[in-house]
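Residue numbers for the sequence shown follow UniProt numbering, beginning at 2 and rising by one.
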Amino acid sequence: AKWVYSFGDGAAEGRAGDKNLLGGKGANLAEMCSLGLPVPPGFTVTTEVCSYYYAHNQSYPPELKDQVLAALHRVGEITGRRFGDKDKLLLVSVRSGARASMPGMMDTVLNLGLNDETVEALAKDASDERFAWDSYRRFIQMYSNVVLDIDHEHFEEILEDSKARLGVELDTEIKAADWRKIVGLYKGRVEEELGSPFPQDPQEQLWGAIGAVFSSWMNQRAITYRRLHDIPESWGTAVNVQAMVFGNMGETSATGVAFTRNPSTGEKALYGEFLVNAQGEDVVAGIRTPQNITEEARIAAGSDQPSLEKVMPEAFGEFVRIAGVLEKHYRDMQDLEFTIERGKLWMLQTRSGKRTAKAALKTAVEMAGEGLITRDEAVARIDPASLDQLLHPTIDPKAERNVVAVGLPASPGAATGEIVFTSDEAEDLKKQGRKVVLVRVETSPEDIHGMHASEGILTTRGGMTSHAAVVARGMGKPCVSGAGSLRVDARAGTMMVMGQTFRKGDIITIDGSSGQVLKGAVPMLQPELSGDFAAIMEWADGIRRMKVRTNAETPADARMARSFGAEGIGLCRTEHMFFDEDRIVAMREMILSDTEDGRRKALTKLLPMQRADFGELFEIMAGLPVTIRLLDPPLHEFLPHTDEEIAEVATAMGVAPEKLRQRTEELHEFNPMLGHRGCRLAVSYPEIAEMQARAIFEAAVESAKKTGNPVVPEVMIPLVGLVKELDFVKASIDKVAKEVMAEAGTEITYLVGTMIELPRAALRAQKIAESAEFFSFGTNDLTQTTFGISRDDASSFLETYRQKGIIEQDPFVSIDVDGVGELVRIAAEKGRQTRSDIKLGICGEHGGDPASIRFCEEVGLDYVSCSPFRVPIARLAAAQAAV
Ligand code: PEP
Ligand code: MG
Numbered sequence: 002a003k004w005v006y007s008f009g010d011g012a013a014e015g016r017a018g019d020k021n022l023l024g025g026k027g028a029n030l031a032e033m034c035s036l037g038l039p040v041p042p043g044f045t046v047t048t049e050v051c052s053y054y055y056a057h058n059q060s061y062p063p064e065l066k067d068q069v070l071a072a073l074h075r076v077g078e079i080t081g082r083r084f085g086d087k088d089k090l091l092l093v094s095v096r097s098g099a100r101a102s103m104p105g106m107m108d109t110v111l112n113l114g115l116n117d118e119t120v121e122a123l124a125k126d127a128s129d130e131r132f133a134w135d136s137y138r139r140f141i142q143m144y145s146n147v148v149l150d151i152d153h154e155h156f157e158e159i160l161e162d163s164k165a166r167l168g169v170e171l172d173t174e175i176k177a178a179d180w181r182k183i184v185g186l187y188k189g190r191v192e193e194e195l196g197s198p199f200p201q202d203p204q205e206q207l208w209g210a211i212g213a214v215f216s217s218w219m220n221q222r223a224i225t226y227r228r229l230h231d232i233p234e235s236w237g238t239a240v241n242v243q244a245m246v247f248g249n250m251g252e253t254s255a256t257g258v259a260f261t262r263n264p265s266t267g268e269k270a271l272y273g274e275f276l277v278n279a280q281g282e283d284v285v286a287g288i289r290t291p292q293n294i295t296e297e298a299r300i301a302a303g304s305d306q307p308s309l310e311k312v313m314p315e316a317f318g319e320f321v322r323i324a325g326v327l328e329k330h331y332r333d334m335q336d337l338e339f340t341i342e343r344g345k346l347w348m349l350q351t352r353s354g355k356r357t358a359k360a361a362l363k364t365a366v367e368m369a370g371e372g373l374i375t376r377d378e379a380v381a382r383i384d385p386a387s388l389d390q391l392l393h394p395t396i397d398p399k400a401e402r403n404v405v406a407v408g409l410p411a412s413p414g415a416a417t418g419e420i421v422f423t424s425d426e427a428e429d430l431k432k433q434g435r436k437v438v439l440v441r442v443e444t445s446p447e448d449i450h451g452m453h454a455s456e457g458i459l460t461t462r463g464g465m466t467s468h469a470a471v472v473a474r475g476m477g478k479p480c481v482s483g484a485g486s487l488r489v490d491a492r493a494g495t496m497m498v499m500g501q502t503f504r505k506g507d508i509i510t511i512d513g514s515s516g517q518v519l520k521g522a523v524p525m526l527q528p529e530l531s532g533d534f535a536a537i538m539e540w541a542d543g544i545r546r547m548k549v550r551t552n553a554e555t556p557a558d559a560r561m562a563r564s565f566g567a568e569g570i571g572l573c574r575t576e577h578m579f580f581d582e583d584r585i586v587a588m589r590e591m592i593l594s595d596t597e598d599g600r601r602k603a604l605t606k607l608l609p610m611q612r613a614d615f616g617e618l619f620e621i622m623a624g625l626p627v628t629i630r631l632l633d634p635p636l637h638e639f640l641p642h643t644d645e646e647i648a649e650v651a652t653a654m655g656v657a658p659e660k661l662r663q664r665t666e667e668l669h670e671f672n673p674m675l676g677h678r679g680c681r682l683a684v685s686y687p688e689i690a691e692m693q694a695r696a697i698f699e700a701a702v703e704s705a706k707k708t709g710n711p712v713v714p715e716v717m718i719p720l721v722g723l724v725k726e727l728d729f730v731k732a733s734i735d736k737v738a739k740e741v742m743a744e745a746g747t748e749i750t751y752l753v754g755t756m757i758e759l760p761r762a763a764l765r766a767q768k769i770a771e772s773a774e775f776f777s778f779g780t781n782d783l784t785q786t787t788f789g790i791s792r793d794d795a796s797s798f799l800e801t802y803r804q805k806g807i808i809e810q811d812p813f814v815s816i817d818v819d820g821v822g823e824l825v826r827i828a829a830e831k832g833r834q835t836r837s838d839i840k841l842g843i844c845g846e847h848g849g850d851p852a853s854i855r856f857c858e859e860v861g862l863d864y865v866s867c868s869p870f871r872v873p874i875a876r877l878a879a880a881q882a883a884v
């Protein structure tokens, strides 16, 4: 078998397409060689060797040794050098290279092949003794650290001591003879730590480094990184061995990194940094301040350090040319590493550059404009989830940040406001036109109104799926959760951190994209939804097949969703309309009534309010479809629970606290999510559904009259399992529709459909479609009932499941294609068998998740519906799913 792939001298055995086998770095080195670019010759030991290594008790395939020797020999022939040669010495670098770049793994060993003898050869060859001994000490330190597992600190300590003794401050002031002494001390320390001398044999050094790369694949940091980024363990890493070129051979040598376009703004201009007389790690280490590559960037940065353009114009010109070749060839912005050795440019790496969402949009749109990529490709290149960064105000990158605490980046965007500690305070201040940030230990469903009233939410406890995080994301509000260093005392009205005390009314800023909590107000940048964003959205809209609707019940959310391009409402959760002050009273009255008559009386009070609500939504949606769901949650959710609250509400309502308590107890359920909710309410209390249907139809008649836009309401019945449930409720909806039409003297077109959110409904979809004119998949409940896990409580053990590899993703976030998805598939098919044109949509949280949207496209749903801030994400994801 072939385990080793060579490259160099204008040819290569691999290509860019071989990333799985050669890793990203190796594949691109091969490609650059084939393009005739100046790349130091070398070879790649494949990822298959890594797999073999772990499958065979950390040993190598028998043929590997010979193949490595042959490849090394070839490198020697190209360079005219040899390992261990006293004259023409070959030194190599050894680097890891997985398919995707992976921090946490062994990174680089430079100058491999140096020992007590060859260091002299290097000194002679380079005519620079200082350079040779400096290279050797770097090698000892790097090799000892990453291969022999000896801590950096040992070497730092020796170097600091030596500098103190020599009375110098900078490494650059150390002379050759002193480096030689330091090398002696380094070797001594290695021997102390290791119990044996620093390896002198270059072959031994080489195999040590190769082994260290493969071992690092399974170190804890790499494992953690893979888990966080869904990188399979089976991929393995490759090892790249390459002839050394030196950026530290004096003032005509340099090393640097660059992007072909600006990775933070996307602007089309070479962007990067370099250091004269330095090796790669010096740029990263931040000891010296790197210089700008172009004059333009230098001037823009106001730097007085000369640019590469100025100090090495020839190498610079060549680099600009190569950057252009690579960007054209890869048809994407490239991230480049290079070294200049005595005036000669060498390319060490190219890869697609990581970029901000803003830069991704700009480069994609501009590259389409330049004809480098097609519009479809431009759309495909944007990560839908990254759009979230763009839809919210963000902290001006130039702003000064006075960070007082850091929590989890739970919901993106930044917000500034006065601190409040309770939801009622939030609401009160909001009414006075003030901006507030709600600060809580954690939030609960009772805080919804306060969260709505706040600019952002900060909690000291809870993770990325805590109530605060989930609700804030749904609302599109910035949220920092779990900022554990803050001490919140809501009673005292204080928040303490790092010896500072903040009080109610003090201004803070939270950055939900970084998790930072900042003192005071900070300058913000407002979202820019025109320009590149609008262009990509328009192109995406031209590609996608599925419609994108929104889950919204308030006029503000509906308007916001429209501005983000929603094409209707896919789910109006009417229960959210009953919590406002004026309604909750009537609602409670209804729930407390012992008779149907009493309930109807209370419902009569709610009717005009609901009608106005729906009317407003119809007008905002201006003829687009609006799906209104009948009341879904169990009634106890509308009643008070604690003694205090019961007493308060009873007084306000003029009923005996006992009566209220009794009703609350009657309504108590052990499993409310599996309880008296959904269409079961409409079966028990048909008058509720009738009132809602009347409000819907009357509003439809009114807005059609008012705006001239015909309204086709879609009435949706939740939690249906039996077709007879649906028929029962549908009959009363149809009856009300007839009545309203007779009263108004006009026709109303409307649809009655159901949610598919119980496995039984999915399995019986053929029958259910006889009555339902549309299905909307409620994948939140469908996931809960298919798995038999609670959507409110499961996150605690689901995280453990993830860590132990039992599940890959939270099924409440991304649809479980195999199980829940199968039910969706079955229901869609069966529904179409009965009613070929049945309208199919999804309105669970999954409707805004790109991977789930891909699945929806596969099943052929007509639309997805998601919270307003996810609408652009869904538009883009739907387009990507369609190609
Ligand atoms: C669902 O169950 O997926 C759904 C959209 O309804 P809710 O989240 O309101 O139960
Ligand atoms: Mg549901």
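A virtual CB, placed ideally from N, CA and C, is assigned to each residue, including glycine. Treat the numbers as computed from the prediction; the structure is a model and nothing was measured.
Residue i Cβ short of 6 Å to ligand 2 heavy atom set
i    : result
D793 : no
Any non-hydrogen atom of ligand 1 within 6 Å of residue i CB
i    : result
C857 : no
V569 : Per the sequence presented here, residue 569 reads as Gly, with Val not at that position. No, Cβ of G569 sits at least 6 Å from all heavy atoms of ligand 1.
C34  : no
G845 : yes
Closest residue to residue i among the options (Cα-Cα distance)
i           : options                   : result
I839        : S772, E161 and Q810       : S772
M313        : D863, G354, M452 and N278 : N278
F856        : A603, G500 and A883       : A883
G414        : D425, T423 and L392       : L392
I420        : K505, L841 and S308       : K505
M334        : I374, G196 and G318       : I374
A553        : Q881, K805, T575 and G655 : T575
V741        : R695, C844 and L362       : R695
H450        : T461, V437 and R462       : V437
A301        : T340, F320, R83 and A270  : A270
A101        : L23, P524 and F671        : L23
residue 886 : A381, E121, N710 and A469 : Given a span of 2 to 884 for the chain in the structure shown, any question on residue 886 remains unanswerable.
A705        : P641, P873, I341 and F619 : F619
A562        : S853, A852, P873 and N58  : P873
G746        : A738, V753 and L752       : A738
Q204        : A603, A71 and D336        : A71
Cross-strand partners of residue i (DSSP beta bridge)
i           : result
Q501        : V498
T45         : Y6 and N241
C867        : T551
W347        : T340
E715        : T628 and L752
L409        : S482
T173        : Note: T173 sits in no beta bridge, so no partner.
residue 887 : Lying outside 2 to 884, the shown extent of the chain, residue 887 is not represented and no answer is given.
Boundaries of the beta strand (DSSP E) in which residue i is found, first to last residue
i    : result
Y272 : Y272 to V277
E419 : A415 to V421
F215 : Segment P203 to S217 is the alpha helix (DSSP H) holding F215; no beta strand (DSSP E) there.
L512 : A small correction: the amino acid at residue 512 is Asp; Leu does not occupy that position in the sequence shown. I508 to D512 is the extent of the beta strand (DSSP E) around D512.
Q517 : Q517 to K520
F260 : A255 to F260
First through last residue of the alpha helix (DSSP H) which encompasses residue i
i    : result
F619 : E597 to M622
P291 : No alpha helix (DSSP H) holds P291; DSSP gives it neither H nor E.
A696 : P687 to T708
D397 : No alpha helix (DSSP H) holds D397; DSSP gives it neither H nor E.
Exercise. Specify which residues have a beta carbon nearer than 7 Å to any heavy atom of ligand 2, listing them in chain order.
Key: Here the list is D633, P719, L720, M756, E758, G779, N781 and D782.
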